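Working notes for the structure below.
Protein chains: 8
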Amino acid sequence: MTENSLHALLSDVKNGEIEIAHAIEQLKHLPFEDLGYAKIDHHREIRTGYPEVIFCPGKTIPQIRGIIESILVKKNNILASRASEEIYEAVKDLAPNIEYYPEARSIFIQQVEIRKSRAKVLVVSGGTSDIPVAEEAVVTAEKLGCTVERLYDVGVAGIHRLLANKHRIDEAQVVIAVAGMEGALASVVGGLSDKPVIAVPTSIGYGANFGGLAALLAMLNSCASGVGVVNIDNGFGAGFLASTIIRQIELNAK
Amino acid sequence: MTENSLHALLSDVKNGEIEIAHAIEQLKHLPFEDLGYAKIDHHREIRTGYPEVIFCPGKTIPQIRGIIESILVKKNNILASRASEEIYEAVKDLAPNIEYYPEARSIFIQQVEIRKSRAKVLVVSGGTSDIPVAEEAVVTAEKLGCTVERLYDVGVAGIHRLLANKHRIDEAQVVIAVAGMEGALASVVGGLSDKPVIAVPTSIGYGANFGGLAALLAMLNSCASGVGVVNIDNGFGAGFLASTIIRQIELNAK
Amino acid sequence: MTENSLHALLSDVKNGEIEIAHAIEQLKHLPFEDLGYAKIDHHREIRTGYPEVIFCPGKTIPQIRGIIESILVKKNNILASRASEEIYEAVKDLAPNIEYYPEARSIFIQQVEIRKSRAKVLVVSGGTSDIPVAEEAVVTAEKLGCTVERLYDVGVAGIHRLLANKHRIDEAQVVIAVAGMEGALASVVGGLSDKPVIAVPTSIGYGANFGGLAALLAMLNSCASGVGVVNIDNGFGAGFLASTIIRQIELNAK
Amino acid sequence: MTENSLHALLSDVKNGEIEIAHAIEQLKHLPFEDLGYAKIDHHREIRTGYPEVIFCPGKTIPQIRGIIESILVKKNNILASRASEEIYEAVKDLAPNIEYYPEARSIFIQQVEIRKSRAKVLVVSGGTSDIPVAEEAVVTAEKLGCTVERLYDVGVAGIHRLLANKHRIDEAQVVIAVAGMEGALASVVGGLSDKPVIAVPTSIGYGANFGGLAALLAMLNSCASGVGVVNIDNGFGAGFLASTIIRQIELNAK
Amino acid sequence: MTENSLHALLSDVKNGEIEIAHAIEQLKHLPFEDLGYAKIDHHREIRTGYPEVIFCPGKTIPQIRGIIESILVKKNNILASRASEEIYEAVKDLAPNIEYYPEARSIFIQQVEIRKSRAKVLVVSGGTSDIPVAEEAVVTAEKLGCTVERLYDVGVAGIHRLLANKHRIDEAQVVIAVAGMEGALASVVGGLSDKPVIAVPTSIGYGANFGGLAALLAMLNSCASGVGVVNIDNGFGAGFLASTIIRQIELNAK
Amino acid sequence: MTENSLHALLSDVKNGEIEIAHAIEQLKHLPFEDLGYAKIDHHREIRTGYPEVIFCPGKTIPQIRGIIESILVKKNNILASRASEEIYEAVKDLAPNIEYYPEARSIFIQQVEIRKSRAKVLVVSGGTSDIPVAEEAVVTAEKLGCTVERLYDVGVAGIHRLLANKHRIDEAQVVIAVAGMEGALASVVGGLSDKPVIAVPTSIGYGANFGGLAALLAMLNSCASGVGVVNIDNGFGAGFLASTIIRQIELNAK
Amino acid sequence: MTENSLHALLSDVKNGEIEIAHAIEQLKHLPFEDLGYAKIDHHREIRTGYPEVIFCPGKTIPQIRGIIESILVKKNNILASRASEEIYEAVKDLAPNIEYYPEARSIFIQQVEIRKSRAKVLVVSGGTSDIPVAEEAVVTAEKLGCTVERLYDVGVAGIHRLLANKHRIDEAQVVIAVAGMEGALASVVGGLSDKPVIAVPTSIGYGANFGGLAALLAMLNSCASGVGVVNIDNGFGAGFLASTIIRQIELNAK
Amino acid sequence: MTENSLHALLSDVKNGEIEIAHAIEQLKHLPFEDLGYAKIDHHREIRTGYPEVIFCPGKTIPQIRGIIESILVKKNNILASRASEEIYEAVKDLAPNIEYYPEARSIFIQQVEIRKSRAKVLVVSGGTSDIPVAEEAVVTAEKLGCTVERLYDVGVAGIHRLLANKHRIDEAQVVIAVAGMEGALASVVGGLSDKPVIAVPTSIGYGANFGGLAALLAMLNSCASGVGVVNIDNGFGAGFLASTIIRQIELNAK
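Protein chains in written order, with the numbering used here: chain A, 15 to 268; chain B, 15 to 268; chain C, 15 to 268; chain D, 15 to 268; chain E, 15 to 268; chain F, 15 to 268; chain G, 15 to 268; chain H, 15 to 268.
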């Protein structure tokens, strides 16, 4: 049922050409999804400033270009995740102010101003090798409006480095803990903090690490409460989840 | 939006107390789900004769009794799967014509006549130990309106038993192949037939069988095309899927 | 026992040179397989129009060329699945009307007309990245005689897109649901439909996706009944299974 | 180093009986952990109203009684999770106002008033069998100060039930999605909402469910962003994580 | 086609009432499976002395009794594997000379004399706990006609115990190596011998043993060549496989 | 203790320069391994005609050349398995009569005549893609003295192809069944034969095949008795195991 | 070759009744294993005070009684691990001074004095539920001669408890870290210490813990160097390994 | 709190400008971690001669260069593990005396003399292909001050090679057993020795080896006591753990 046919139906009601009971019956069976679609779309428009996200893997360059072009028209911000340098090179002509974050493998095009949150996200990471995933979390959260700080290379093999920065954990509202190997960082951070902790296992490691499975299982079994886990290497997901929490803090602070 | 409020809205349209454009806007945002709910419900009522299904595990006896009682009121048929003898004993007073199939662990209460299909389902099973799962498929498909035949104990270790019954495979429209151990039955049946084959791995086996994983993987990797797989021991699912195929055959035969 | 020796035996029976009982004994032990082979072969010939299928992986170019050439002689249609562009280039000289579907990685050579079914298959897919697997299902089903429609990019993260197209599900006789990541599409489609649903998990995803295992397990555990699952990325298998169902519908519609 | 010896050291500094440099050296090597311990203890005391939590499995009845008694002295609230009815019977004499939630398998003893949050947690669950895990989340979050609402039995096999309650998702600040089988609920809820979603896979299912692994992997691979996952059946962890988010909302709302 | 109808057909050929070509055509399509069945049956009868085997798990007592009774009539030997003491008690009235081997969990009823092989099977086992599986292999091989010797408790943690018995390995024609834990016995035995070695992993162990998976994988990856592996705890299978080898040795020795 | 020092000791005994008891004591503690080593070496020399085997993966070209050269000196036959074409090119100058089997990835250098067995090995394989593994088994068994026959492309999806060749199974003493995908071939062959069956799972397949795991588990769980399994793709191991069986048949036939 | 026959051979040498060269030949082939056995036995006797160990699972009460009785005769100490209370009750009459450690599930019978080491083992454990495994390590190490200290309930969720006891880690020569859940304790202890750390994963946990797999993988992937891992719940193995290290320290301290 | 501010605080105490109680309060909350950090640093300085270790994977060339340069300034020894030839080429200009061990993939720069231990480590390996991992263990242990010996190519398929070298095991204080395939070497070595055994599974193998999982599980389940396991291919970790044991032996030998 298109908007036109809905208009026709209501006209018929108005003109008495159709019984109200009969109209109700038709409306009941109307393909609600179209209306629902519009509704959600409308709803989305309210959230101005939120970027539309493109997950690049498995998409061809022409597909990615096409999606970017269609969002450019809508004047929304655009965040492309898991974007290789090659993808960036292939799309960078689409917008003069396109930004590329190579470590985070993220492309960003700003068309609307981002209002930064007062509440803060702290991204903590274990080793140097975990930094790309941590950076993906940082860039994602920032582009979704969060104020983000970094605390890197504080793995539990040298626990004093983490302890020496406990005040920084205390100052954040949400903590993202990024770690590979055995993923113990999430438990230690969770034990040191009563903030929501988002744990990101990374695939850094080898052998019985099984591509991040060791860290993933460790984080799911954390003896510290208050830890939510995202997929292996999913810095984007962690940044996104953090932004939903920060958003609730901001919305309810008004 | 309840039916009442919808009536009120349409009355306002009729009476000119609200602009059609405005009404459209309201309808667009109306919580479509309620209507959708009603619609599907209505739709379901058309399929008279179809039992409502209760999956028993994890439900308490009082919960199961409650659900049965509410369906009894609606005068629909009831099929309770994975129902232990204990459950049957605890609910058998609810309906005088309640039936219990101990091997299939299924309870059935008929309130509406089932029209049997002309198209046939053949349930083929490997060993004696697979029979309970096979029977679950049989009872499920029968109560969902299928004409069902059994061909049991024709495992591939004695391939001649299966070959000797090839004509029975040829006479069915849908074949369900139930097997544990290495699950090779599905491939052999699939190779002998150009009918849709629904493969049910069972947990019969031990050691590196890993609770039916061996048969499951084998069936998913069948070198015969045209095989769809359901969960381990899921005789119910196989019977149900068969019934949807039979139903399409019957519907389109008219 | 060749046809010649069988003829000799029967001549001996006719001429009384051998006792009937003795002939029976010989026939009992006759290598039935040769006859069986012929029989099935014969049976296969009836199904004119059905393509012979070549699964390319693990076969050398000369092997593939040889198989194609031998089928060309038989005047059957040929469908080569999992055929890389390189394979296509290496065999395209074999038939002037050879077709290549790059997304579906399928080669088709038509030698006999395909009669399209009235019954319809709807191929539903989750994300853009799932399209190659979906296309493999589409091409396979079409070349096996099905009328196929596509409904792509209706993943559950934006459930309204799927709901808005529920009527298309309603209009099909068989639905193929193709999805990677968490594979929830199969459950939602299964819940919206009482048609047979063939679920195809794809390997799209990363980390704890484990090459499609996440979607595979999800689909096998679908809370919606009536879902049969094929192997990860097995668009071919889904298309083939759909064609066996459609075939039964068509055969029984006469 | 106790507070006494620290006092003595400082007195010595004050009296000039020890060089400042020497005192620094001692302080540098002082077992900082004791102070750290005290500090955290002190810090914990500020969070009055927060229960101390006892994870019961693997603890003997005498151990559990001992821990409860020691907390009773401190006048803190006590939440014992995974507490069987047998444990409850064995400890219920310890406090007259002890409460037991059998579905949630939780014991609570209130000694300090809990101030309820304005921000709300909505606990959504798939099937009847998931309710015990959902209730564990509810009781945990409530005892940790959250206002909690329930939305049960809205699994994706009947998507309309969930859609019909979308407004309830919209009214909460945090959503907990509890589901077994294929765990698709988390993705659908995540797609319908821009709130933080905490996904709890349950072990409800059989066969290729592998004790909740299917739902766990599905939730980790959710195509909806903004989903954090806790361990299988970990209703407690979900409730706790929700409470840390709610707490940040409340703290920053002042 | 029954034997009767085959007789009728041949009579028709003899009497000239049917063309030979026509008869050939009919025979070509004759349901070979029935003849095949008979043939194989016949073939089986030649192997007199071989027991018919009943795998007990998943079969009910009445089913097992029924199968035993039907074999008793045929005057074949009967070997029931995985037979609990309870099963033995329930069937022991069926034959006066029934034997029960509790460690091997095997029932045997002799109706035909077993001719013992000259070639020998040596069953080697690692620890005391592996003995039940080893005994299952011993009893199976013996009842299938093998001369069997035992060499138990020679695990690799005390390699001298095995080395001190190398001559016993040298004197056998087939070696069965039964071991749990890490299953290294198979490799060491394989390295010491140029006989066929059948490796049986047992489920003895705990933790990362994963129900025998550790030993299974070790045996499949043996650095010693000439090792064939059977399922975890499958003493029966090892004994059976050994008997097929011994049988070939005996048959070809004549 | 070298042979020299042993000679000296015995001379001392002979000359009465050392007490027998004392000599016994020394001999008791003599590093038996050296003698043991010699003994085994000696034993090996008896088995003239047996090739020494080189497993190439993980070895450098110089290492492989060195090993070949040292065996050439000993005038033994040499079989190098898993030898890439590159390796062959790098070593082919070492012996004028070097042979390379590219499908089997095997190098062979004959220095001693191989006496062919009368007993036969039949290598059965499922699909065209399994041939390289099957060929590895063929070449290995042949070079170890077996008479080998091939029966390829008789996968269970077209069971008649296998049945039509049952007599070839009957004529062999040992059967090797090579199959990927779901590995059902081993069960069907095992069911058709009472010969020892060596099952070789191959890694042919994709998705839930998990690199041959599906076929491996299927073969370990074969419902046909008398099947021994080797590692995935381990054609060499199957050929070797077959040769140990054939060897026992030949040795005991004299 | 027994000692008697060796004596006879040497006598023959002495008397010139056999050539030395011939005697060497015989000795070369002498079943070295028997001598080797004696040798090792002798060697074992030197290690007086070391208990002989009985691993109880899978052994019957009579078997355990028999083994204990045979060791009692040898006057060695006896340590029975994984001994249930039931086993203890069934064997306690065998020795008046038998000791039972119920938490450690260990039986000990002292017949020879144990000399305690100066070097110390510290057993650190995460939670109350890990204590049984920790106690198994303690009892094992103590009975093998180690001086052992306990540091329990210092899991990483409250890292200060561990830090406050760092000096105790500093005072030990070997540290055993026992932890379930995510097993992070091993990494943190490893990071705080430059002593050998033996990590024992426990099966404490649920869901994605998979019976201790999470802790096991975490410990194997520890970002702290110097950590050796034993099997899940293997307190005995950790105690034993610690004792071998302590023993080397003691032996080399002299 | 820096040392300066601590000095200021103590001066204030001395001068009476701050109450002792107040100072205690400040010290209690002082960021102990900084002091703790210094303390550990100080402690580290004592261990002169110990190299600082760089784990190369996941680090960029500039990062590795930067880390090396900063350690060069501190005049510590440097050990870079998992360093490819490419990395070596890119950093070799940083120090004239840089050494590269290509098999061990290790870079070493000596700035301080290494005092070799009297106690010895023996590195035992199974096959030629395991040598790179074994060499990583050798180089690591040597650079950490251990005297190391090699015993290579003594896999259990030819057990005599190992037995012939038992005296070398007896002469070492710590044994590292490196093996791929089925990893049985660790059990055999553990059975032959009462020294601490560090087991290193390697990823050598294929098929059901699953990248070293087979050897890993075997080693964790070793029937020989006294075996500690490190991650797959983790020669570095084994060498490091060995050095911690050797170090305790040396320290306590004084």
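Cβ atoms here follow ideal geometry from the backbone N, Cα and C, with glycine treated the same way. Source: prediction; values computed, not measured.
- For Thr-258 (chain G), the enclosing alpha helix (DSSP H) has its first and last residue at 249-267.
- Counting along the chain, Val-170 (chain H) sits inside no beta strand (DSSP E), nor does DSSP assign it H or E at all.
- Not a single CB atom of chain F sits nearer than 9 Å to the CB of Pro-65 (chain C).
- Among the residues of chain C, those whose CB is under 7 Å from the CB of Asp-247 (chain A) are Tyr-220, Gly-221, following chain order.
- For Ser-217 (chain G), same chain residues with a beta-carbon under 6 Å away, outside a window of 5 residues either side, are Gly-225, Gly-226, Ile-246, Asp-247 in chain order.
- Gly-159 (chain A) carries a coil assignment under DSSP once its states are collapsed to helix, strand and coil.
- In its chain, beyond the 5 residues on either side, Val-138, Ser-139, Gly-140, Arg-175, Leu-176, Asn-179, Leu-199 have a beta carbon closer than 8 Å to the beta carbon of Val-168 (chain G).
- Counting only unbroken stretches of 4 or more residues, the alpha helix (DSSP H) elements lying wholly within the stretch 202-251 of chain H are 227-234, in sequence order.
- Ala-213 (chain F) is positioned such that its CB atom lies closer than 9 Å to that of Gly-197 (chain F).
- The beta carbon of Val-241 (chain B) sits closer than 7 Å to the beta carbons of Ala-200, Gly-204, Val-211, Ala-213, Met-233 from its chain, once the five residues preceding and following it are set aside; these are given in chain order.
- Under the DSSP assignment, Lys-180 (chain A) falls in the alpha helix (DSSP H) whose first and last residues are 180-185.
- A straight-line Cα-Cα distance of about 9 Å links Ile-128 (chain E) and Pro-65 (chain E).
- Residues of the stretch 184-198 of chain H whose Cβ lies closer than 9 Å to any Cβ of chain E, in chain order: Ala-193, Gly-194, Met-195, Glu-196, Gly-197, Ala-198.
- The continuous alpha helix (DSSP H) containing Leu-86 (chain C) extends over residues 75-88.
- Under DSSP, Ser-139 (chain C) shares a beta bridge with C:Val-192.
- By the CB criterion at 9 Å, Thr-154 (chain F) and Ser-131 (chain F) fall outside the cutoff.
- Gly-141, Thr-142, Ser-143, Asp-144, Ile-145, Pro-146: these are the residues of the stretch 136-161 of chain A whose beta carbon lies less than 9 Å from some beta carbon of chain H, given in chain order.
- Within chain C, the residues whose beta carbon sits less than 8 Å from that of Lys-28 (chain E) are Val-27, Lys-28, Gly-30, Ile-34, listed in sequence order.
- Within the same chain, Val-135, Ala-155, Cys-160, Val-188, Ile-190, Ile-212 come within 7 Å of Ala-256 (chain B) by CB-CB distance, once the 5 residues on both sides are set aside.
- For the pair Val-243 (chain H) and Pro-215 (chain H), the Cα-to-Cα distance works out to about 8 Å.
- Look at Ser-98 (chain H): its C-beta is not under 9 Å from any C-beta on chain A.
- The residues Ala-133, Gln-187, in chain order, have a CB closer than 7 Å to that of Ile-263 (chain E) in the same chain once the five nearest residues on each side in sequence are set aside.
- Proximity of Lys-209 (chain G) to chain H, defined by a Cβ-Cβ separation below 9 Å, is satisfied.
- In this structure, the straight-line span from the alpha carbon of Ile-85 (chain F) to that of Asn-91 (chain F) is close to 8 Å.
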